[in-house]
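Using mature numbering (1 follows the signal peptide of the UniProt record, and there is no 0), the letters of the sequence shown correspond one by one to residues -30 to -1, 1 to 109. Just so you know, even glycine gets a beta-carbon here, dropped at the ideal spot from N, CA and C.
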Amino acid sequence: MSNIRVCSLLYISHSVLLLYTSSAPQHSESHKFPLLISYLLQVAFKVHGTVQGVGFRDFTQKCAKLDGLKGWVRNTTCGRVEGEAQGSDEKVKKFLQRIDKGPSMAHVVKLEKRDLDVRDGEEGFAVMRTAESMFKPGN
């Protein structure tokens, strides 16, 4: 008999996924082993430095799409770039590392990050219009 692997994805909540696998045919739950745990994160970020007029928003959108993230990015009236990103913990961390470096013409001085509650229904990654910063002093 061939060793067929059966995988199932167990949806625990909107922010945690578990992937289980077993060798079929097995009928006991004790033969299943967790392979992967992935947590959904949603973060707000604000980037300080030379980040406007250097293609930073487009760079951020490309990085987000590479990692399959949802969210948005915009310039702020105080000369920074900010946004939100949602995805697996691993992908969000990789994304934040990329934007901490920025595109070649940018000079990132500081990257602020704040964890948010995960919201259902997020779609795509948009470049938004310039607006006042959502980050308040002390946040």
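**OP:** Return the residue from the list 51, 90, 102 that minimises the CA-CA distance to residue 79.
**Re:** Indexing the sequence shown from 1 puts residue 79 at position 109. Considering only alpha carbons, the answer is 51.
**OP:** Look up residue 139 in the DSSP assignment and say whether it is helix, strand or coil.
**Re:** The structure shown has nothing for residue 139, since the chain only spans -30 to 109.
Subject >> Rounded C-alpha distance that separates residue 100 from residue 24 >> reply: Position 130 of the sequence shown, counting from 1, holds the residue named residue 100. Position 54 of the sequence shown, counting from 1, holds the residue named residue 24. Computed Cα separation, rounded: 15 Å.
Original post:
Count the other CB atoms within 10 Å of the CB of residue 35; is the residue buried (16 or more) or exposed (fewer)?
Top reply: Along the sequence shown, one-based indexing puts residue 35 at 65. Flag for residue 35 reads exposed.
Original post:
According to the neighbour-count rule (16 or more other Cβ atoms, all chains shown, within 10 Å of its Cβ), is residue 27 buried or exposed?
Top reply: Counting from one through the sequence shown, the residue named residue 27 turns up at place 57. By the 10 Å Cβ count, residue 27 comes out buried.
Subject >> Cutoff 7 Å; reference residue 82; Cβ partners in own chain excluding five residues on either side >> reply: Counting from one through the sequence shown, the residue named residue 82 turns up at place 112. Counting only Cβ-Cβ distances below 7 Å, and skipping sequence neighbours, we find 15, 16, 105.
Original post:
For the alpha helix (DSSP H) that contains residue 22, what are its first and last residues?
Top reply: Working through the sequence shown from its first residue, we reach residue 22 at position 52. Per DSSP, residue 22 belongs to no alpha helix (DSSP H) and is neither H nor E.
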